[in-house]
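S.K.:
In the UniProt record's numbering, the protein residues as written are 1 to 302.
1. Out of curiosity, what's the CA-to-CA distance linking residue 218 and residue 101?
2. Which word fits residue 341, buried or exposed, when buried means at least 16 other C-beta atoms lie within 10 angstroms of its C-beta?
3. Got a sec? Which residues, its chain only, sit under 6 Å from residue 285 by beta carbon, not counting five neighbours each side?
4. DSSP on residue 274, reduced to helix/strand/coil?
5. Which first and last residues belong to the beta strand (DSSP E) in which residue 133 is found?
6. Give the DSSP-derived three-state secondary structure of residue 268 in the structure shown.
7. DSSP puts residue 153 in a beta bridge; with which residues?
8. Looking at the unbroken alpha helix (DSSP H) that takes in residue 218, where does it start and where does it end?
9. Residue 4 and residue 153 - do their beta-carbons sit closer together than 8 Å?
10. I'd like the span of the beta strand (DSSP E) that includes residue 228, first residue to last.
11. For residue 234, report the span of its beta strand (DSSP E) as first-last.
12. So what does DSSP say about residue 124, is it helix, strand or coil?
13. Where does residue 88 fall in DSSP's three states?
14. Between the region 30 to 43 and the region 174 to 193, do at least 3 Cβ pairs fall closer than 8 Å?
15. Helix, strand or coil, according to DSSP, for residue 3 in the structure here?
16. With burial defined as no fewer than 16 other Cβ atoms inside 10 Å of the residue's Cβ, what is the status of residue 27: buried or exposed?
17. From this set, 56, 104, 265, 133, which residue's C-alpha is nearest residue 123's C-alpha?
18. Taking the beta carbon of residue 270 as the centre, do at least 16 other beta carbons fall within 10 Å, making it buried, or is it exposed?
19. With H, G and I counted as helix, E and B as strand and the rest as coil, what does DSSP make of residue 281?
20. Are there 16 or more other CB atoms within 10 angstroms of the CB of residue 149, so buried, or fewer, so exposed?
21. Taking 8 Å as the threshold, find out whether the region 104 to 122 comes into contact with the region 252 to 268 through three or more Cβ pairs.
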């Protein structure tokens, strides 16, 4: 919501562009490995370089922000201890009103139509959720609307999304060489076990704790909580944007730096691993009985 994008749209945008970049990166990584005939060490160096690119991108992204209407509402509430009740809306009992920013023509923002003391609402476009509020106690002669809240964050939002795509693309390029390194680092009979162990480790140390870690980071930056009923806390309505952005990105960068340390270790240990020898050996190996009929074979003594 820092860029003026509704939260439900943020999840859709992040999923679409993040997965798109990751998928394109996976295809690109496979083509690069095949075209340049990487060996184990070259693939490990390739992964290390992409990891540092990803770290650099997301570190820079921590400093790309914009003060949207919601951010301004949060900043204005600091001096009032985030109590948005005023004399003009004291009789409206807006403590449990959900966040729905509306603005007048000058751009002054209110937490919700209830906090502006509005009595009347006019539906302009139900499909686009365009509403106009009038007869407002805090702005008696004004018509308040969400479309009056001009954020001016479009350009920075596009830059933010572009960095997400590039970062996801870089990580996607690591998938194929990473799997090849794993498979060629163990004997053929242990490869299924290695893949299973990798999935177990990822689930145990990444997938399982990540919702708790990110949830704690998000909750500690909340400024205003919404209340579905009096006294019952709901979801966070307004976050401290700069602190949230930097904590999320710096935490991600810290985890990526830790993974880069292991990538450096893999680079040192990957010498001698080949991705093409096994394929060549399989091509040379007889595939049927007719290929060995009439040939003299030397048996290995017991």
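By construction, the Cβ of each residue, glycine as well, lies at the ideal position given by its N, Cα and C atoms.
M.R.: Per the coordinate set shown:
1. Taking the chain shown and counting its residues from 1, the one referred to as residue 218 is at position 218. Taking the chain shown and counting its residues from 1, the one referred to as residue 101 is at position 101. Those two C-alpha atoms are separated by around 21 Å.
2. As displayed, the chain neither begins before 1 nor continues past 302, which places residue 341 out of reach and without an answer.
3. Counted from its first residue, the chain shown places residue 285 at position 285. Note that residue 285 has pLDDT 49, beneath the 50 cutoff, so the model's placement of it is unreliable and the number below is only indicative. Closer than 6 Å at the Cβ level, and outside the excluded window around residue 285, lies no residue.
4. Locating residue 274 in the chain shown gives position 274, counting from the first residue. Strand, per DSSP.
5. What you label residue 133 is simply residue 133 of the chain shown in a count that begins at 1. 130 to 136 is the span of the beta strand (DSSP E), which, as asked, contains residue 133.
6. Your numbering for residue 268 matches position 268 in the chain shown. Residue state, collapsed to three classes: helix.
7. In the chain shown, residue 153 corresponds to position 153, counting from 1. Answer by DSSP bridge pairing: none, since residue 153 is not bridged.
8. The count along the chain shown starts at 1 and reaches residue 218 at position 218. It spans 210 to 219 - the alpha helix (DSSP H) in which residue 218 sits, taken as one unbroken run.
9. Against the chain shown, residue 153 aligns to sequence position 153. Against the chain shown, residue 4 aligns to sequence position 4. Going by C-beta atoms, residue 153 is nearer than 8 Å to residue 4.
10. On the chain shown, residue 228 is found 228 positions in, with the first residue counted as 1. Element bounds for residue 228: 222 to 229.
11. Sequence index remark: in the chain shown, residue 234 carries index 234 (1-based). For residue 234, the uninterrupted beta strand (DSSP E) run begins and ends at 232 to 239, by DSSP.
12. Working through the chain shown from its first residue, we reach residue 124 at position 124. Note: residue 124 maps to strand in three-state DSSP.
13. As a working note, residue 88 is residue 88 in the chain shown. Taken through DSSP and simplified to helix, strand or coil, residue 88 comes out as helix.
14. Enough Cβ pairs lie closer than 8 Å, so yes.
15. Position 3 of the chain shown, counted from the first residue, corresponds to residue 3. Coil, per DSSP.
16. Within the chain shown, residue 27 is the residue found at index 27, counting from 1. Counting Cβ neighbours within 10 Å, residue 27 comes out exposed, since fewer than 16 surround it.
17. Within the chain shown, the letter at position 123 stands for residue 123. Selected option, being the one with the closest Cα: 133.
18. Taking the first residue of the chain shown as position 1, residue 270 is located at position 270. Under this definition residue 270 is a buried residue.
19. What you label residue 281 is simply residue 281 of the chain shown in a count that begins at 1. Annotation note: pLDDT 48 at residue 281 (below 50); position unreliable, coordinate value reported separately. Helix, per DSSP.
20. Working through the chain shown from its first residue, we reach residue 149 at position 149. Buried is the label assigned to residue 149, since at least 16 other Cβ atoms lie within 10 Å of its Cβ.
21. Contact between the region 104 to 122 and the region 252 to 268 is absent: fewer than 3 CB-CB pairs across the two stretches fall below 8 Å.
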